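Numbering-wise, the UniProt record's numbering puts 134 at position 134 of the sequence shown, and it's gapless, one number per residue.
All C-beta atoms in this analysis are idealised placements derived from N, C-alpha and C, irrespective of residue type, glycine included.
If you're wondering where the values come from, they're calculated on a predicted model, not measured in any experiment.
To start, the structure under review is shown below, and the notes come after it.
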Amino acid sequence: MFTLRQVTLTSITKRAFSSSAVSQAAKVAVLGAAGGIGQPLSLLLKKNNLISHLSLYDIVNTPGVAADLSHINTKAKVTGYVPDNDGLKHAITGADVVVIPAGVPRKPGMTRDDLFLTNAGIVRDLATAVAQYAPKAHLAIISNPVNSTVPIFTEALKKHNVYDPRRVFGVTTLDIVRASRFVSELKDTDPAEAKITVVGGHSGVTIVPLLSQCPFSFAEEELKALTYRIQFGGDEVVKAKAGTGSATLSMAYAAARFTDSLLRAVVNGEEGIIEPTFVKSDLYASDGIEFFASNVELGPDGVKKIHPVGKVSDYEQELINAALPELKKNIEKGIKFAKEN
Ligand code: NAI
C-alpha cells in the first residue's frame, strides 16, 4: 500500500518525467519560413513549449526573420538559413518535424492545380533533401496542390528508400478550422463546440464536409450553401487579397495547431490525439485512391490509426463520388511528375 509520501513522490516523478520529455523537446524546421504563411507560422511555433530548436529555411530573408523571432523570450532557439553554405542541409539535419509552406500561392481565378508546374519542382527538391538529411522526420506538407505534393514527396522518399507512410502528412487542417468557424457563425455557437469532420482532399470538390455527423441540423439550402463555402472558402481570401496571395494567417494558425498535435503525440507521448490529415490510406484503395484525408489518430510513430469515414447521408455520398475521380487525377499527376523528374 502507498503512503501519502510515496504517492506524492510518484506523482512528482511522473511530472518530472513528463517535463523532462518536454525539455528534450523537438527540433522543428520550417521550409518557406520567410513567406506569407511561414512568418506567422514561425511566430506561433516560437510559442510552443515542445520545441527546443526552431530552424527556419527559405531561399531569401530567413536570417532576418530568425533574428527577429530569436528575441522573443520563449524557450526555443531560433536559427535561419538560406541556400548558401549548405543551408538546407543544416536547416533540416536532426529535425523531428519538418513543416513545408514553400512555393507560390494562388492569385484570383487560379485553382490550386494551376500552381502545380511551379510548386511540384520546389517540393521535389525539398523532399530529396529531406530524404538525405532528415530521413526520420515527420513531414507536414502545406504547399499546394496538396493532393499532388504529398504524392510527389512520397515518391522522392521512396527513391531514397526512406519512405514511411506514417510520417508523411498533407496539412488539411484549415478546411476543418474553416468548417468549424462557418458552422458556429451560422448556429451562433462557440467554434470549440462545432467539431466538423471533413474528408477527401484539399481542393474544391475534393473537400467533403460531413455535416450530417455534427450535432447541428441544417435546412437543405443552408446545407448546400455551407458545403460550398467550406469547399471554396479559400477563394474568398484569394479574392479579398486581390492578387497579393491566399490564406496566410488562418493557414498559419491551422498549421501551428497540426504541428502542436503532432508534437504532443510524437514527442510528448500523449494518447488519443486525432487530427484530420491527407495521408496514405486504404479507405478508398479499391477505387484506386492511394491518399485520402480523414480523421487520423496520431501516435509516437506518426499515423497510429486511420478512422473510417463513418455514416454519410445520400448528399454526402454524392459529394464523395464527385471527389474521387478528381482526387485520383491529382494524385496520379503528382506520381507521374515524380517518376519522370
Ligand atoms: P508566399 O509566396 O508568401 O511564401 C512562400 C515562400 O516560399 C516564399 O518566402 C518563398 O521564398 C519560399 N520558397 C520558394 N521556393 C522555395 C524553395 N525552393 N525552398 C524554400 N523556400 C522557397 O506563399 P504563402 O502564401 O506562404 O503560401 C505558400 C504555399 O502554401 C502555397 O503553395 C499555397 O498555395 C499553400 N497554401 C496551402 C494551404 C493549405 O491549406 N494546405 C492554405 C494556404 C496556402
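{"Asked": "When we look at the beta-carbon of residue 285 and count the other beta-carbons within 10 Å, is it buried (16 or more) or exposed?", "Found": "exposed"}
{"Asked": "Which of helix, strand or coil does DSSP assign to residue 272?", "Found": "coil"}
{"Asked": "Taking the alpha carbon of residue 140 as the reference point, which residue from 87, 262 and 39 has its own alpha carbon closest?", "Found": "262"}
{"Asked": "If you reduce the DSSP assignment to three classes, tell me which class residue 331 lands in.", "Found": "helix"}
{"Asked": "Between residue 181 and residue 48, what straight-line distance do the alpha-carbon atoms span, to the nearest angstrom?", "Found": "23 angstroms"}
{"Asked": "Within its chain, find whatever has a CB closer than 6 angstroms to the CB of residue 273; leave out the 5 residues flanking it on each side and keep chain order.", "Found": "261, 264, 265 and 298"}
{"Asked": "Excluding the 5 residues preceding and the 5 following residue 155 in the sequence, name in chain order all residues of the same chain whose CB lies nearer than 7 angstroms to its CB.", "Found": "335, 338 and 339"}
{"Asked": "Restricting to Cα atoms, I'd like to know which of 197, 30, 77 and 210 is closest to residue 62.", "Found": "30"}
{"Asked": "In chain order, what residues of the same chain have a beta carbon less than 7 angstroms from the beta carbon of residue 40, not counting five sequence neighbours either side?", "Found": "248, 249 and 252"}
{"Asked": "Select from 229, 193, 166 and 204 the residue whose C-alpha is nearest the C-alpha of residue 291.", "Found": "166"}
{"Asked": "With 16 as the cutoff for other CB atoms within 10 Å, does residue 287 come out buried or exposed?", "Found": "exposed"}
{"Asked": "Quick check on residue 232: does DSSP put it in helix, strand or coil?", "Found": "helix"}
{"Asked": "Short of 7 angstroms in beta carbon distance, which residues of its chain neighbour residue 229, apart from the five on each side in sequence? Order them along the chain.", "Found": "182"}
{"Asked": "Measure the C-alpha to C-alpha separation of residue 100 and residue 195 and round it to an integer number of angstroms.", "Found": "26 angstroms"}
{"Asked": "Would you identify the three-state DSSP class for residue 90, choosing helix, strand or coil?", "Found": "helix"}
{"Asked": "Just to confirm, is the Cβ distance from residue 201 to residue 127 under 7 angstroms?", "Found": "no"}
{"Asked": "Give me, in chain order, the residues of the same chain whose beta-carbon lies closer than 8 angstroms to that of residue 160; leave out the 5 immediate sequence neighbours on both sides.", "Found": "128, 131, 132 and 135"}
{"Asked": "Taking only three categories from DSSP, how would you classify residue 252?", "Found": "helix"}
{"Asked": "Secondary structure at residue 295, three-state DSSP: helix, strand or coil?", "Found": "strand"}
{"Asked": "Using the Cβ count rule (16 or more neighbours within 10 Å means buried), how would you classify residue 321?", "Found": "exposed"}
{"Asked": "So residue 25 and residue 51 are in contact, right, with Cβ under 8 angstroms, and what is the actual spacing, rounded?", "Found": "6 angstroms"}
{"Asked": "Kindly indicate which three-state DSSP category residue 54 falls into: helix, strand or coil?", "Found": "strand"}
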